[in-house]
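Asker: First the structure, which I've put down as structure tokens, then a few questions once you've had a look.
Numbering (my numbering), first residue to last: 236 to 730.
Right, here's the structure in full:
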């Protein structure tokens, strides 16, 4: 029987043999894997910086000493600075103060919401009952203080921090988008207004509700619903500094409960407005309305200052996770600024740069040529060498808070911004921890590749100026990392 089917098997075996001979040999070393990566057609004419290290040993590198735009790989520096200077137990405090006399239930003065730069204040990630839940708690404290009416105003005080609005080098065209929410000494709801849309029939306007429910913006809805299968895009349009917001674009017909976000122009006034509205709806009138502390508008002090409420943020160890895993830009801007204040500098990006230079020197990381234009990586003015990122990763692994830093990074194929990359069957899945990065024509991925019985490999990959579709560039980067995983050997210890 075997002799009878052998003639039919022979051509198959021959073809299999030829295919095996024709198949390219898989790279066996990091340098070979790098050569394969650099030769990828999708990276033609791109600038590519790579550094792969095992401790002090360089395993593979390309243009590792040249400066590159980082995108969100800059957050590796921001989170490291925050952990080193502030520490994991640090908490922001936002205070509500009564300025003036309280007589017969009437505050003859102002309620002042004093910010500390907390990016998580009122954030839905921590306020499961909604963004306004923090103000409902403050309302109860106002009542306990015996205040039933305010003759003055509710003022937001953001003066702890320099008024910078946007990061240096940010594109003004996306100032209304959530990822470019302005920085502020008083943040609220991550400095955004949430829209929850419900689609209607094709050609009709979608309905929406706001969270928090506020009249802060004058909203004009020009959105129309489109049939299923038709591409749709929502746009938030407003002039810089304006509280008139126009909704444009299209929305899927009959789709329910889709959330989107528009950044606010003035976070301190936004916070004060929502608090004022919360009090008014609860039967505590505020005669003067809402505003912010600033030139020409300062709270009265006659009658003294009385503490009404204190709100503490989650510990920094939790905030750093939101910064790195979901790549929340506001956290990456606020935490370095607060670190600067704690280190004796002004609470600004300039102060953060000064302290960053000192911390890099303390870690033994060469900072020559490093340009930290912002904390989030949204700026196109950032300039970092892949070798510097690798040095930072090695240094932070040795730091007393190195485990927290490591755990804050997305886990390949599991969570954060790597949840949909390195999927089932990938050797990197559940193993690699790395920070992603993307802005137009820039892709980055830098992090750790753990190994059994040895220290982890660290890698930094920065790709600039590519013309291929972004998803193809990311796939080439992922394939390179997967090659490194195979070469690093089996890994069984888990997280």
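Where a beta carbon is used, it is the ideal one built from N, C-alpha and C, also for glycine.
1. Whole angstroms are fine: how far does the CA of residue 687 sit from the CA of residue 417?
2. Is residue 552 helix, strand or coil when you go by DSSP?
3. Residue 438 by DSSP, collapsed to three states: which one?
4. Could you check the C-alpha separation between residue 569 and residue 452 for me, to the nearest Å?
5. Would you say the segment 631-643 touches the segment 703-710, given that touching needs at least three Cβ pairs under 8 angstroms?
6. Going by the CB atoms, is the gap between residue 361 and residue 355 shorter than 8 angstroms?
7. Whose C-alpha, out of 324, 287, 411, is nearest the C-alpha of residue 720?
8. Compare the Cα-Cα distances from residue 647 to each of 600, 357, 664 and report the closest residue.
9. Counting pairs of beta carbons, one from the segment 603-614 and one from the segment 455-463, are three or more of them closer than 8 angstroms?
10. Roughly how many angstroms separate the alpha carbons of residue 310 and residue 486, rounded to a whole number?
11. Could you give the distance in angstroms between the alpha-carbon of residue 261 and the alpha-carbon of residue 662?
12. Taking the C-alpha atoms as reference points, what is the distance between residue 550 and residue 364?
13. Identify which residue in 689, 692, 713, 681 has its Cα closest to the Cα of residue 307.
14. Give me, in chain order, the residues of the same chain whose beta-carbon lies closer than 7 angstroms to that of residue 508; leave out the 5 immediate sequence neighbours on both sides.
15. So if DSSP puts residue 422 in a beta bridge, which residue, or which two residues, is it bridged to?
16. Is it buried or exposed for residue 674, if we count other Cβ within 10 angstroms and need 16 for buried?
17. Does the separation of the CB atoms of residue 432 and residue 502 fall below 8 angstroms?
18. Distance, Cα to Cα, residue 392 vs residue 442?
19. Report buried or exposed for residue 228, applying the criterion of at least 16 other Cβ atoms within 10 angstroms of its Cβ.
20. Look up residue 721 in the DSSP assignment and say whether it is helix, strand or coil.
21. Kindly indicate which residue of 350, 315, 480, 265 has the alpha-carbon position closest to the one of residue 548.
Answerer: Let me spell this out:
1. Stepping through the chain shown from its first residue, residue 417 is reached at position 182. Stepping through the chain shown from its first residue, residue 687 is reached at position 452. Going from the Cα of residue 417 to the Cα of residue 687 covers about 44 angstroms.
2. Counted from its first residue, the chain shown places residue 552 at position 317. Helix.
3. Position 203 of the chain shown, counted from the start, is the residue given in the question as residue 438. In the structure shown, residue 438 sits in coil (DSSP, three-state: anything other than H, G, I, E or B).
4. In the chain shown, residue 569 corresponds to position 334, counting from 1. In the chain shown, residue 452 corresponds to position 217, counting from 1. Answer to the nearest angstrom: the Cα atoms are 24 angstroms apart.
5. no
6. Taking the first residue of the chain shown as 1, we reach residue 355 at position 120. Taking the first residue of the chain shown as 1, we reach residue 361 at position 126. Against a cut-off of 8 angstroms, the Cβ pair of residue 361 and residue 355 comes out as a contact.
7. Within the chain shown, residue 720 is the residue found at index 485, counting from 1. Out of 324, 287, 411, 287 has the C-alpha closest to the C-alpha of residue 720.
8. If you number the chain shown from 1, residue 647 lands on position 412. Among 600, 357, 664, the Cα nearest to that of residue 647 is on 664.
9. no
10. Counted from its first residue, the chain shown places residue 310 at position 75. Counted from its first residue, the chain shown places residue 486 at position 251. Using only the alpha carbons, I get a separation of about 33 angstroms.
11. One-based indexing of the chain shown puts residue 261 at position 26. One-based indexing of the chain shown puts residue 662 at position 427. Roughly 15 angstroms separates the two Cα atoms.
12. Position 315 of the chain shown holds residue 550. Position 129 of the chain shown holds residue 364. Their Cα atoms are separated by approximately 20 angstroms.
13. For the purposes of this step, residue 307 is identified with residue 72 of the chain shown, where counting begins at 1. The option with the nearest alpha carbon to residue 307 is 681.
14. Within the chain shown, the letter at position 273 stands for residue 508. Closer than 7 angstroms at the Cβ level, and outside the excluded window around residue 508, lie 449, 451, 525.
15. Numbered from its first residue, the chain shown carries residue 422 at position 187. Answer is none; residue 422 lacks a bridge partner.
16. Reading the chain shown from its first residue, position 439 is the one you call residue 674. Residue 674 comes out buried.
17. Here the question's residue 432 lines up with position 197 in the chain shown. Here the question's residue 502 lines up with position 267 in the chain shown. Their beta carbons are not under 8 angstroms apart, which means residue 432 does not touch residue 502 by this criterion.
18. Counted from its first residue, the chain shown places residue 392 at position 157. Counted from its first residue, the chain shown places residue 442 at position 207. Their backbone Cα atoms lie some 34 angstroms apart in a straight line.
19. This structure cannot settle anything about residue 228, because the visible part of the chain is limited to 236 through 730.
20. Taking the chain shown and counting its residues from 1, the one referred to as residue 721 is at position 486. Residue 721 falls in the helix class under three-state DSSP.
21. In the chain shown, the residue the question calls residue 548 occupies position 313. Among 350, 315, 480, 265, the Cα nearest to that of residue 548 is on 350.
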